[in-house]
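Trainee: I'd like to ask some things about the structure below.
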Amino acid sequence: GAVVSQHPSRVICKSGTSVKIECRSLDFQATTMFWYRQFPKKSLMLMATSNEGSKATYEQGVEKDKFLINHASLTLSTLTVTSAHPEDSSFYICSARGLLAEPDEQYFGPGTRLTVT
Amino acid sequence: GDSVTQMEGPVTLSEEACLTINCTYTATGYPSLFWYVQYPGEGLQLLLKATKADDKGSNKGFEATYRKETTSFHLEKGSVQVSDSAVYFCALSYNQGGKLIFGQGTELSVKP
Numbered sequence: 312g313a314v315v316s317q318h319p320s321r322v323i324c325k326s327g328t329s330v331k332i333e334c335r336s337l338d339f340q341a342t343t344m345f346w347y348r349q350f351p352k353k354s355l356m357l358m359a360t361s362n363e364g365s366k367a368t369y370e371q372g373v374e375k376d377k378f379l380i381n382h383a384s385l386t387l388s389t390l391t392v393t394s395a396h397p398e399d400s401s402f403y404i405c406s407a408r409g410l411l412a413e414p415d416e417q418y419f420g421p422g423t424r425l426t427v428t
Numbered sequence: 004g005d006s007v008t009q010m011e012g013p014v015t016l017s018e019e020a021c022l023t024i025n026c027t028y029t030a031t032g033y034p035s036l037f038w039y040v041q042y043p044g045e046g047l048q049l050l051l052k053a054t055k056a057d058d059k060g061s062n063k064g065f066e067a068t069y070r071k072e073t074t075s076f077h078l079e080k081g082s083v084q085v086s087d088s089a090v091y092f093c094a095l096s097y098n099q100g101g102k103l104i105f106g107q108g109t110e111l112s113v114k115p
């Protein structure tokens with residue numbers, strides 16, 4: 312099956328700094344990538360949808376200037392948490408979908424645990 | 004708005020016990036319904052799906068039936084194994100753009 316990787320798997324950063332999380336589709340071209348956030352005991356919350364070569368579409372309530380998403384190639388999308396604060400600590404998960412995939416064929420990365428101190 | 008509600012976990016069962024994880028949804032249209040599974044340290048994987056009312060999705064001994072009248076999509080398995088220990092997510096999608104709406108997840112722990 313299709314493989315999606317995320318890097319890093321865990322990151323600890325200080326409050327006020329920025330951190331970048333990468334999401335890569337390893338064996339297919341991902342025309343669409345999704346970024347989710349998961350709180351403990353909570354569901355995955357979709358943050359934004361990014362299509363290769365165009366601006367990301369953010370869900371209501373998600374600050375686009377704080378969570379910068381770039382999808383510059385068909386195999387890589389990045390999420391940058393700018394000026395991170397402790398409340399940004401969470402588990403961030405990406406998923407990817409190819410051009411010819413069925414609408415429900417999304418492949419998920421293993422997630423990145425962000426801790427802001 | 005659309006939403007998905009799952010029974011709270013964790014659910015702890017002995018090997019070979021029967022499993023039911025309840026899932027109900029609220030939707031304005033006619034979504035497709037999914038169960039995803041997340042094994043420890045891995046990404047979510049699609050377990051099964053159903054695209055219309057009365058459809059039954061099945062995979063690896065798990066089943067779920069799309070019940071429009073009760074707006075439910077309960078996950079069932081007749082005999083669980085230790086290897087089924089994971090977090091299970093119910094989700095819906097309108098298949099437009101691939102946007103998924105997830106329930107909060109239910110952790111299943113199967114003891115030998």
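Here the protein sequences come in this chain order: H and G.
Residue numbers are given in this note's numbering: position 49 of the first sequence equals residue 360, and the series is strictly consecutive.
Residue numbers are given in this note's numbering: position 27 of the second sequence equals residue 30, and the series is strictly consecutive.
The beta carbon of each residue, even a glycine, is placed where N, CA and C say it ideally should be.
Between PHE378 (chain H) and chain G, is there a C-beta pair that is closer than 8 angstroms?
Mentor: So, not an interface residue.
Trainee: Select from G:ASP5, G:VAL113, G:TYR39 the residue whose C-alpha is nearest the C-alpha of THR31 (chain G).
Mentor: Ranking the options by Cα distance to THR31 (chain G), first place goes to G:ASP5.
Trainee: What did DSSP end up calling SER35 (chain G) once you bin it into helix, strand or coil?
Mentor: DSSP places SER35 (chain G) in strand when its eight states are reduced to three.
Trainee: Mind reading off the beta-carbon distance from PRO421 (chain H) to SER354 (chain H)? Whole number of angstroms is fine, and I expect it under 8 angstroms.
Mentor: Their Cβ separation, rounded to whole angstroms, is 18 angstroms, which puts PRO421 (chain H) and SER354 (chain H) out of contact at 8 angstroms.
Trainee: How do the stretch 340-351 of chain H and the stretch 13-28 of chain G stand: do at least 3 beta-carbon pairs fall below 8 angstroms, yes or no?
Mentor: They do not touch, by the three-pair rule.
Trainee: Provide the residue(s) that pair with ALA89 (chain G) in DSSP beta bridges, ordered along the chain.
Mentor: Paired residues: G:LEU111.
Trainee: Tell me, please, which residues DSSP counts as bridged to GLU363 (chain H).
Mentor: GLU363 (chain H) is not bridged to any residue.
Trainee: Helix, strand or coil: which one does DSSP assign to GLU333 (chain H)?
Mentor: The answer is strand: DSSP assigns GLU333 (chain H) an E or B state.
Trainee: Do we get a CB-CB distance below 8 angstroms when we pair GLN107 (chain G) with the residues of chain H?
Mentor: Taking Cβ atoms only, chain H reaches closer than 8 angstroms to GLN107 (chain G), which makes this a yes.
Trainee: Just grab the DSSP bridge partners of ALA67 (chain G) for me.
Mentor: Note: ALA67 (chain G) sits in a beta bridge opposite G:GLY60.
Trainee: Given LYS375 (chain H), which residues of its chain have a CB within under 7 angstroms of its CB, disregarding the five upstream and five downstream residues?
Mentor: If we look at LYS375 (chain H) and ignore the five residues flanking it on each side, its Cβ neighbours are TYR369.
Trainee: Could you work out which residues of chain H lie near GLU45 (chain G), taking near to mean beta carbons separated by less than 8 angstroms?
Mentor: What GLU45 (chain G) touches in chain H: PRO421.
Trainee: Within 10 angstroms of its Cβ, does LEU410 (chain H) collect 16 or more other Cβ (buried), or is it exposed?
Mentor: By the 10 Å Cβ count, LEU410 (chain H) comes out exposed.
Trainee: Could you give the distance in angstroms between the alpha-carbon of LEU387 (chain H) and the alpha-carbon of ARG424 (chain H)?
Mentor: Whole-angstrom Cα-Cα distance: 19 angstroms.
Trainee: Kindly indicate which three-state DSSP category GLU398 (chain H) falls into: helix, strand or coil?
Mentor: Looking at GLU398 (chain H) - three-state DSSP - the assignment turns out to be helix.
Trainee: Please decide whether LYS55 (chain G) counts as near chain H, where near means a Cβ-Cβ distance under 8 angstroms.
Mentor: Judged by the 8 angstroms Cβ criterion, LYS55 (chain G) is not in contact with chain H.
Trainee: Let's see if you can read the secondary structure: which residues bound the beta strand (DSSP E) around PHE345 (chain H)?
Mentor: Start and end: 341-349.
Trainee: With DSSP collapsed to three states, give me the class of VAL40 (chain G).
Mentor: Strand.
Trainee: Output, in sequence order along the chain, the residues in the stretch 383-406 of chain H whose CB is closer than 8 angstroms to any CB in chain C.
Mentor: The structure shown has no chain C; the protein chains it does contain are H and G.
Trainee: Do we get a CB-CB distance below 8 angstroms when we pair LYS366 (chain H) with the residues of chain G?
Mentor: Cβ-Cβ to chain G under 8 angstroms: no for LYS366 (chain H).
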